[in-house]
Structures are given as C-alpha cells and as structure tokens.
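Each remark here refers to the structure printed beneath this line.
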Amino acid sequence: MRTFSFMLFLCLGIAASSQTTISGKIVDESNQPVPGANVSIVGALVGAVADFDGLFSLTVEQELPFTIEISSVGFDTADRVITGPVADLIIVLKEGTELDEVVISASRTPERIFESPVSVERFGIKEIKNTPAADFYGGLENLKGVDVNTNSLTFKSINTRGFATFANTRFVQLVDGMDNTAPALNFVLGNLLGMTELDVNSVELLPGASSALYGANAFNGILFMTSKNPFDHQGISAYFKGGLTSQEAAGDNEYYDYGIRVAHAFSDKFAAKANFSYLRGTDWYATNTINVLDPSTDRSDPNYDGLNVYGDEVSTNIRGVGVALVSAGILPAGAENLLPNEDVSRTGYEEQALNDYKAESVKFDAAMHYRPFANDFEIIYQGKIGKGTTIYQGANRYSIRNFFLQQHKIEVKNNNFFVRAYLTDEDAGDSYDVRFTGININRKWKDDQTWFGEYAGAYVQATLAGQLPENAHALARQAADTGRLVPGTPAFQQAFQDVTRDPDLSSGSQFRDATQLRHADVNYNFSHITSEIADIQVGGSFREYKLNSFGTIFTDFDGPIRYSEYGAYLQIQKKLLEERLKLTGSLRYDKSELFDGNLSPRLSVGYTLGADKNHNLRASVQTGFRNPTTQDLYIGLDVGRAVLVGSAPDNLDRDRRTYDLSGNGAAVTGNQTVTVTGREAYENSFSASSVINGAPVQSEAALVQPEKITAFEVGYRGKISRFVIDLSAYYNKYSDFISTENVIVPLYGEVGDDGLSLLALQNGDAQVYQAYTNSAVDINSLGAIIGVNTKIFGDFDLGVNYTYAEQDFDKEKDADFRTNFNTPKHKVKASFGHTNLFTNFGFNTSYRWSDSYFWEASFGDGDIPSFSVIDAQINYKIPKLKTTLKLGGTNIGGDEYFTAFGTGYIGSQYYLGLTINNL
63 MRTFSFMLFL CLGIAASSQT TISGKIVDES NQPVPGANVS IVGALVGAVA
113 DFDGLFSLTV EQELPFTIEI SSVGFDTADR VITGPVADLI IVLKEGTELD
163 EVVISASRTP ERIFESPVSV ERFGIKEIKN TPAADFYGGL ENLKGVDVNT
213 NSLTFKSINT RGFATFANTR FVQLVDGMDN TAPALNFVLG NLLGMTELDV
263 NSVELLPGAS SALYGANAFN GILFMTSKNP FDHQGISAYF KGGLTSQEAA
313 GDNEYYDYGI RVAHAFSDKF AAKANFSYLR GTDWYATNTI NVLDPSTDRS
363 DPNYDGLNVY GDEVSTNIRG VGVALVSAGI LPAGAENLLP NEDVSRTGYE
413 EQALNDYKAE SVKFDAAMHY RPFANDFEII YQGKIGKGTT IYQGANRYSI
463 RNFFLQQHKI EVKNNNFFVR AYLTDEDAGD SYDVRFTGIN INRKWKDDQT
513 WFGEYAGAYV QATLAGQLPE NAHALARQAA DTGRLVPGTP AFQQAFQDVT
563 RDPDLSSGSQ FRDATQLRHA DVNYNFSHIT SEIADIQVGG SFREYKLNSF
613 GTIFTDFDGP IRYSEYGAYL QIQKKLLEER LKLTGSLRYD KSELFDGNLS
663 PRLSVGYTLG ADKNHNLRAS VQTGFRNPTT QDLYIGLDVG RAVLVGSAPD
713 NLDRDRRTYD LSGNGAAVTG NQTVTVTGRE AYENSFSASS VINGAPVQSE
763 AALVQPEKIT AFEVGYRGKI SRFVIDLSAY YNKYSDFIST ENVIVPLYGE
813 VGDDGLSLLA LQNGDAQVYQ AYTNSAVDIN SLGAIIGVNT KIFGDFDLGV
863 NYTYAEQDFD KEKDADFRTN FNTPKHKVKA SFGHTNLFTN FGFNTSYRWS
913 DSYFWEASFG DGDIPSFSVI DAQINYKIPK LKTTLKLGGT NIGGDEYFTA
963 FGTGYIGSQY YLGLTINNL
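Okay, structure coming up:
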C-alpha cells in the first residue's frame, strides 16, 4: 500500500511539474503596454496574446528549459529562455522599422518586406489605430503609390499605376481570400460591404502586375485584407464614432459609425467570432451643371446637356420634327423651313431632385474555426453579409439602394497548404439608374414625340411673330414644359416611385441583379520537404460566373448566362550566397472558356548588401493578363448617350433595339422604325471622331480579346542611419489594351456605300454605340516612387513619399480609343506624428498633394484640378478602462475637391471616436 501511494504521489508530482505558468507584461521602450503582442513557444503551436494592458498569461506542458518568442507588428522580435514558472516577467520590445514587418502576399509565403521580390505596402494594426482618416480604409490613401478615387462617402476605389475608373477591373481586392468585386456591376465594393476595423489584422497591397500568382485581373495590383483569428484575438471590443460632414452644396450633416466584435476560444480545438457594424450619413452632393456637349455654353443652349442634370440627354433635330409634322398635316407646307437645322434637348432634372444622398452600410460576419488535432490544421467556415446604400458612377450615375451581398467560404488549411471555396451572391435591391429616372419621369409626364412636337409648333409661332431665334427657343421650351412635374410635389413623387420600380429602361430605371460567382483556390507549399533544394509552391483556381440581371444590365432576358475559367501556377524560390541572393521564378497558366489560354511568367532577383545586411536591391520582370469583364462580354444597356454592347460572339445578336426614323428617313426607307442588333456596332459603323470631323470612315472596332502586360521593375530598400528608404521604378508595356470605343451606327445603308449610310447621318438617323474592343496602338506606362521615413526631434515620426506616373499613348493614331489613365503625373504625401507625445496621448497628421489630370470615362470626360488635403487626429488612451478616445478630421482646410469628373465635391469630415478593448 505504501508503495502504491508513493508511486501515485510521484506520478502526480511529475504531472504537476510538467505544467509551467508564465505571466507578465509586454511594454515598449517608453514603458507603454503593447496590446495584441504575440507570445509563443518556439517549436510548439502554443501561445497567447497580450491584452489591452500588455498583460499575458500562458500555461504549458513543456519540458524545461524552453524559449518563448514575443512579437508585434512594428517592433523587433524578442525571446526569453524559461527555466521555471514566472509570475512577473517584463518584456521590453524595441521599435523596429517597416522593413522588418512580415508580409505574405508578395510570394504567398511569409517574408520580411525588406526581402520581398516586388514592391509591397503594409497597413497593420498600429497604422489603423493612428490613421487620421475617419476609417481604416480611408487611411490607405496615405500609402505611397496609391490612388483613391472617391465615388461617394462610403464608396472609394483603390488603384495603383494608372488606368482606372470606379469599375476598377484591373485591381483585385481580397478579403480573407475572397474577391470583394460585385460580379455583375464589375466594381470592387471597397469597404462598403467589407471588413470592420475591429477585426482587421493586416492589410497588404501589391502594386503592379500580379497575374503570375493570382491570375487574371490582378493586373494593376492587388489588395489583401486579413481578419483576426479568434484563437489568437479573443474578447469583446467595440467602437463608436460620431461627427459631421460639411459640404457647401449639402451643408453640415451628422454621421455615425459603430461596431462590435465578439470572439472566444471555447477550447484549444474550437473558436468562433462575430462582427457587426453600422454606418449612416449623408453623401457628397453632385451639382456640376457644365454642358458636356459644349462647355462654353450654359442652360440657354437649346441642346443643353448638364453633367449632373438628367433627362436632357434626350434630343432630336428640331427641323426633322417639323418635316414629320408637315407630313402629318399638323404644320402647313414650308413651315419646317422656319425651324433651325439643329438638335434640341428636353429639360432635365438636377441630381438632388432624383437622389436623397443617403449613405448607409450594414455589415455582419461570423466565423467558426475548428482545429481537430489542436495543432496548425484548421477548418474554417466564414459567412459575410452586407447591405448598403451609396452612389456609384459607371456609364451613368446609379443610386445603389439596399444593395445586398453575401459570401460564404469553407477553408481547410495548415502551415503548408490551403483549400478554399466560396460563393458570392449579390442582389441589387432597390437600386436605380439616376439618368434614366430623369429621362422617364419626363416621358411619364409627356412622351418625347408630343414634347418635341409642341416645341416645334411654338417655335414656328414665335418666329412668325417676329421673335429672334434665342427668344423663340425660350418661348418654345416654356410652352412644351407647361405642366411639367415639379420636384417635391405628390405628382412628381408618384412618378419617381413608378419609374424607379420599373426595370424596363424604356419606361423605368430600376436595375435588377441576382448574379453569382463561385470560386475555388488551392495552394501547397513544399518548402518543408524541399527547403534544402528550393522553396516550391504549386496551386490553382477555378471560377464560374452566373450572370442574372433579368435583361436590365446584360442580354440575359431569356435566362442566366454562365461561363467559367481556371488556372494553375508553380513558384520556385532559392536563397544563395549566405542568403544574400534571393531568386524567385513563377509560371501560371489560365484559360477562359471564351478565349485561348495565357501563360504568365515572373522572374525576380533580390540581393542584400552591407555588413549588417541593411540594403536590398531588387529587379523583376513579369507578364500578366486580364480577361474581358462580364460587362465587356455580355452587357446590353442603353445609357442615354450611347448603347453599350458587349462583344462576346453570342452577345452580338442578342442585343436588338428598335428606333424611330426621322421624317426624311421614313420617306427614304418607307418605314417608320428600324431594328438594329449589337452586331452592327462592330460590323457596320462609323468611327465617332471621323463623323465629328466631317469625314466619316468605317470603324475598326473588333471583338474584344484578353489584354496583356509585360512589367519591368527595379527597386531599393534600406536603412541609412535613421532613415528608412524605399524606392522603385517601373515600365509597363501593354498589348491588346482593353477599353471602349464610341462608334456611330447608321439606321439604314451600309457603311462604305457612299450614299444611303451618309444620308442617314445627315438626317440624324444614327445611333451612338459603345464597343468593347482592343487597341492596335502601343500603350505603355512608366513611373517611379520614393518613400523616406525617419524619426526627428527624438521620437516624432516623419514620412514623405513622391509618386510619378505617366502613360505613353499616341492619341492621334487611334482617336476614338479611350485608355482611362485617370492618374496625376505627380503626387506628394507626408505624415507627421507621435504615438506617445506624453503619457497616453498621441497625434498624427497627413498631407496629400495631387497634380491636375484629365479624367476619361464613359460617364464624362473632364479636367481634375490640382488639390491639397490635410487630415489630422489626436488620441488619448485610458488604460484602466481599456479605452481610446480619438478626435479627428479629414480635409480640415475645407478646400473642396473632387477626384473624378461627375462626382460630388469632397468636403470636410469631423469625428469623435471611442474604442473599447481593441487588441
């Protein structure tokens, strides 16, 4: 019995001695806590995360002695040897540089930014907390080389290296590995329906072509947003921001934004989290009334077409109306000669009469993480749903109301592989086209034929009464507009509701959409097997589109349109010469069922110099491509100024439209109407520029093919004394550049017949189409970026960067082709701040200057003036309450500006924020 008791006591003692508890506090060099710091056992998958006060506790069953490693973004990694239980361990982390931060996106494997083979930017938890922007997504605007085009208060489009509109199809955004693009509308949703800032773990951005690893459309760059794992970041955190937006046109308006995150590890095998956020405010009013047809004129122009005025796009030749009235016996013979041979447009409505400028974003996501073996093997389900109201500017201005998007993902992974599959499903909700709302409210009140007929009759009467043309036009418009619906009246509101609920663009403006995207990814890293030879990775992807707009966007009036694409890649990476030389090569093959396959190779070399290995040179050459988008292929949409028709071969005859002919046209053809298919835009059309120049020639718009790029880049990263320097230069050569070309289709005759087709142009019997095609002209771009960060006056952070960007395109060789470069040649950004100016108090300011540039897009072309913007914030931490207060403002100078032609002027935004327990 004594022997048994002794053995039992010995076993219990051994079991007890195998458990070691370590607790302590992690602080920086100013003795301030480092919340969110990771504490892990070297060689084991066991760890803990420091709380808001920097405190941590870790109990492990590990044979003594062992080593713990302490790391946090922005600090050098530290380690300690543990020889027994410790209750008051103090770890002091030394502040590092951004070159020491670890990124994954550049090579699909963890590596220091310093060693990355290509340019990469990182925006981590520290930057998110210190950004003066109203939210973390807006803070990305201060990264070097990044352009942010502001569509509206809640909708911002990120781009790098030029060639972008708001439908930025050359730039990919991934949220936890899921593409954040609306598959039908072709715009990246930004953070309208993205990630709450409480759950953001890191943001990485790769500027430039990335097709070799990430496939089609990772053409100008790719943005990665990664959320926090509930095993590592537990607890309840919340934030609330309130403030106002100020704009000359809209006045001062309240806005608020709040969110909550809940995460818990129920065991070492199962953890879960949930996030919710809500934002509401008033959008920037768009009030530009410039005449897009002739900026030198104003509303007195009979054919006035205001930029943010809708309904005045409908116009016709008023003499042609007179001819028809004479033919019908309504006007006496010869009266048509009293009418001028010019176009007259209907009277439009300003945008603020057609849009309430409500901005709203509701986001919810939840995830369950399961580690069946309590190691790095993990099974994840993640679901995201979002609902938003905003403004989107594409071919027209769209009021996105109650837009709904959901994504569901299943992922299996460990440190060496992942298999991921997800579904994206979108619903346009109550969204509508603002331009067609104005057009069809007019038509609901009075049809075009009646309105133009009354205008022509009144003009003839005024002329016979001796009025000059200018007065005759004014009297004619007054007569035709008698009884017109007035905004704010019950009759106008009823017409507005009827039109915005009607998906037929001949009478309504609603667009419907239930498009889906299915995607799967797989990646395996063989480095744990092949590291002595080289680091080798293989992977692949599959994607299927199911377009379903019910005929309101695409030509899917008879059912959904489906097509798919797939790809596979290989990457080999090797370090040589005492790990100073790093060689990376990759190759990817992608195939769309609509096009031939494409190979995308990439080769890069990096070399680390200096005794301390603190200088790195890099060079890379890579190719990329992008497939035509869903709209490039299958759109069939009349946007007022033009009919957009995609160039997929099976789309050309699906787009069929019937047009009324002029009086002269009816007399020539013997028909009152004519039916035209989309094929005519590519096979029987004039180039728009040749018609404008008075010498019509046939358009050469061909069916669209994939676009290709060859990108060359060199760069340097290093630390010289107290200065961290990052500079790069690139040169891009494009072939088969995808864009749009305006063409004019005669409603009768064959282009080149030198007779009937020219007569159609003369009679105004022609329709502008927008073709999706490739340019045969060489298009190149080049640029350079330099960034310098340092500390001055002790611990004050100072950063300055400059970006140069330019395109090389001979417009004279292809006058109708639009590259949509839309990027300033020169940009300067700077930041200045201190995270702990005095106890618990910090501040940060940022400055941005942009050169003027020309904006080119289907909605409108125009100059963007140069602008300067200053943002600033101060913050105060209350450690006992685990709370941070933040007071800030954007564009605090108050000089309103805009980044795209046709959007609202961007005013100032001021906020007061409260964040609780955000690790």
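My numbering puts the first residue of the sequence shown at 63, with every later residue one more than the last.
Glycine residues also receive a C-beta, built at the ideal position from the N, C-alpha and C atoms.
As the structure is a prediction and not an experimental result, all values here were calculated from the model.
field: Simplified DSSP state of residue 295, which is helix, strand or coil
entry: The residue labelled residue 295 in the question sits at position 233 within the sequence shown. Coil at residue 295, not helix or strand.
- request: Tell me whether residue 415 sits in a helix, a strand or coil according to DSSP, three-state version.
  value: Position 353 of the sequence shown, counted from the first residue, corresponds to residue 415. In the structure shown, residue 415 sits in a helix (DSSP, three-state: H, G or I).
field: residue 72, DSSP secondary structure in three states
entry: Within the sequence shown, residue 72 is the residue found at index 10, counting from 1. Model confidence at residue 72 stands at a pLDDT of 38, short of 50, so the residue's coordinates are unreliable; what they give is reported in the following sentence. In the three-state reduction of the DSSP assignment, residue 72 falls in the helix class, which pools H, G and I.
field: Exposure label - residue 620; buried when at least 16 CB within 10 Å
entry: Counted from its first residue, the sequence shown places residue 620 at position 558. It counts as exposed.
field: Neighbourhood of residue 896 by C-beta, 7 Å cutoff - its chain only, sequence neighbours within 5 removed
entry: Within the sequence shown, the letter at position 834 stands for residue 896. Closer than 7 Å at Cβ, skipping near neighbours: 857, 858, 859, 904, 905.
query: If you check the beta carbons only, do residue 583 and residue 568 fall under 7 Å apart?
result: Here residue 583 refers to the residue found at position 521 of the sequence shown. Here residue 568 refers to the residue found at position 506 of the sequence shown. In this structure, residue 583 lies away from residue 568, with their beta-carbon atoms at least 7 Å apart.
- prompt: Roughly how many angstroms separate the alpha carbons of residue 381 and residue 405, rounded to a whole number?
  reply: Here residue 381 refers to the residue found at position 319 of the sequence shown. Here residue 405 refers to the residue found at position 343 of the sequence shown. In this model, residue 381 and residue 405 are separated by some 8 Å (Cα to Cα).
- prompt: Closest to residue 757 by CA distance: which of 814, 598, 764, 734 is it?
  reply: For the purposes of this step, residue 757 is identified with residue 695 of the sequence shown, where counting begins at 1. Considering only alpha carbons, the answer is 814.
message: I'd like to check one pair, residue 350 with residue 14: are the Cβ atoms closer than 7 Å?
response: An answer regarding residue 14 cannot be provided, because it is not within the stretch 63 to 981 covered by the chain.
query: Based on Cα-Cα distance, which residue from 364, 392, 587 lies nearest to residue 172?
result: Taking the first residue of the sequence shown as position 1, residue 172 is located at position 110. With distances taken between Cα atoms, residue 172 lies closest to 587.
field: residue 559: first and last residue of the uninterrupted alpha helix (DSSP H) it sits in
entry: Position 497 of the sequence shown, counted from the start, is the residue given in the question as residue 559. Unbroken alpha helix (DSSP H) run through residue 559: 552-562.
task: Taking only the alpha-carbon atoms, compute the straight-line gap between residue 224 and residue 285 and give it to the nearest angstrom.
output: Position 162 of the sequence shown holds residue 224. Position 223 of the sequence shown holds residue 285. Residue 224 and residue 285 have their C-alpha atoms spaced approximately 15 Å apart.
- prompt: Helix, strand or coil for residue 488 per DSSP?
  reply: Position 426 of the sequence shown, counted from the first residue, corresponds to residue 488. In the three-state DSSP reduction, residue 488 falls in the strand class (E or B).
query: Enumerated in chain order, which unbroken segments of the alpha helix (DSSP H) with a length of 4 residues or greater are wholly contained in the segment 692-731?
result: The segment 692-731 contains, as complete alpha helix (DSSP H) runs of 4+ residues, the segments 692-696, 725-731 (chain order).
message: Please identify the residue among 200, 800, 525, 328 whose C-alpha is closest to the C-alpha of residue 297.
response: Here residue 297 refers to the residue found at position 235 when the sequence shown is read from its first residue. It is 328.
field: Cut-off 7 Å between Cβ atoms - residues of its own chain near residue 802, not counting five sequence neighbours on either side
entry: Position 740 of the sequence shown, counting from 1, holds the residue named residue 802. 832, 833, 834, 880, 920.
message: If we require 4 or more residues per run, which alpha helix (DSSP H) segments fall completely within the segment 440-511?
response: Uninterrupted alpha helix (DSSP H) stretches at least 4 residues long and entirely within the segment 440-511 occur at 496-507, given in chain order.
message: Considering only DSSP beta bridges, list what residue 952 is partnered with.
response: Stepping through the sequence shown from its first residue, residue 952 is reached at position 890. In DSSP, residue 952 forms a bridge with 971.
Residue 199: first and last residue of the uninterrupted alpha helix (DSSP H) it sits in: Counted from its first residue, the sequence shown places residue 199 at position 137. Residue 199 -> alpha helix (DSSP H) spans 198-201.
task: Taking all protein chains shown into account, decide if residue 812 is buried (16 or more other Cβ within 10 angstroms of its Cβ) or exposed.
output: On the sequence shown, position 750 is the one that residue 812 refers to. So residue 812 ends up on the exposed side.
- prompt: For the beta strand (DSSP E) that contains residue 754, what are its first and last residues?
  reply: Walking along the sequence shown from the start, residue 754 turns up at place 692. That residue, residue 754, is in no beta strand (DSSP E); its alpha helix (DSSP H) goes 750-754.
task: Just the C-alpha distance for residue 978 and residue 946, rounded to the nearest angstrom, thanks.
output: The residue labelled residue 978 in the question sits at position 916 within the sequence shown. The residue labelled residue 946 in the question sits at position 884 within the sequence shown. The C-alpha of residue 946 is placed about 7 Å away from the C-alpha of residue 978.
- prompt: Are the beta-carbon atoms belonging to residue 642 and residue 670 less than 7 Å from one another?
  reply: Sequence index remark: in the sequence shown, residue 642 carries index 580 (1-based). Sequence index remark: in the sequence shown, residue 670 carries index 608 (1-based). Result yes, Cβ atoms of residue 642 and residue 670 sit closer than 7 Å.
- request: Pick out the complete beta strand (DSSP E) segments inside the segment 524-606, 3 residues or longer, and give them in chain order.
  value: For the beta strand (DSSP E) assignment, the uninterrupted runs of no fewer than 3 residues enclosed by the segment 524-606 are, from N- to C-terminal side, 578-587.
- prompt: Where does residue 249 sit, in a helix, a strand or coil, going by DSSP?
  reply: Translated into the one-based positions of the sequence shown, residue 249 becomes position 187. Three-state result, residue 249: coil.
message: Between the segment 761-769 and the segment 263-276, can you find at least three pairs of beta-carbon atoms closer than 8 Å?
response: No: fewer than three Cβ pairs fall under 8 Å.
query: Which one of 383, 390, 412 has the shortest CA to CA distance from residue 399?
result: Residue mapping note: residue 399 aligns to position 337 of the sequence shown, counting from 1. Looking at the Cα atoms, 383 is the closest of the given residues.
message: Rounding to the nearest angstrom, what Cα-Cα distance links residue 970 and residue 307 in this structure?
response: As a position in the sequence shown, residue 970 is number 908, starting the count at 1. As a position in the sequence shown, residue 307 is number 245, starting the count at 1. Taking the straight line joining both Cα atoms gives about 6 Å.
field: Inter-residue spacing [alpha-carbon to alpha-carbon] between residue 489 and residue 501
entry: Here residue 489 refers to the residue found at position 427 of the sequence shown. Here residue 501 refers to the residue found at position 439 of the sequence shown. So the two alpha carbons sit approximately 24 Å from each other.
task: Please check the pair residue 379 and residue 689, which I expect to be a contact at CB under 8 Å, by giving their CB distance rounded to whole angstroms.
output: For this step, residue 379 is matched to residue 317 along the sequence shown. For this step, residue 689 is matched to residue 627 along the sequence shown. Separation of the CB atoms of residue 379 and residue 689 is rounded to 41 Å, and the pair is thereby denied contact status at 8 Å.
query: What number of angstroms, rounded off, separates the C-alpha of residue 419 from the C-alpha of residue 346?
result: Within the sequence shown, numbered from 1, the residue matching residue 419 stands at position 357. Within the sequence shown, numbered from 1, the residue matching residue 346 stands at position 284. Rounded to the nearest angstrom, the gap between the Cα atoms of residue 419 and residue 346 is 7 Å.
query: To which residues of the same chain is residue 118 closer than 6 Å at the C-beta, ignoring the five residues directly before and after it?
result: As a first step, residue 118 is located in the sequence shown; it is residue number 56 there, counting from the start. By the criterion of a C-beta distance shorter than 6 Å, residue 118 is surrounded in its chain by 101, 110, 112, once the five residues flanking it on both sides are discounted.
- request: Give me whichever residues DSSP pairs with residue 624 in a beta bridge.
  value: Residue 624 sits at position 562 when you count from the first residue of the sequence shown. According to DSSP, which records beta bridges pairwise, residue 624 is partnered with 608.
- prompt: Any idea if residue 535 is buried or exposed, counting beta-carbon neighbours within 10 angstroms, 16 or more meaning buried?
  reply: Here residue 535 refers to the residue found at position 473 of the sequence shown. Residue burial annotation: residue 535 is buried, with at least 16 other C-beta atoms found within 10 angstroms of its C-beta.
task: Could you tell me whether the segment 607-614 touches the segment 643-659, using the rule of 3 or more Cβ pairs below 8 Å?
output: Fewer than three pairs of CB atoms, one per stretch, sit closer than 8 Å, so the segment 607-614 makes no contact with the segment 643-659.
message: Could you tell me which whole alpha helix (DSSP H) segments of length 4 or greater appear in the segment 261-321?
response: Under the rule that a run must span 4 or more residues, the alpha helix (DSSP H) segments found entirely inside the segment 261-321 read 273-276.
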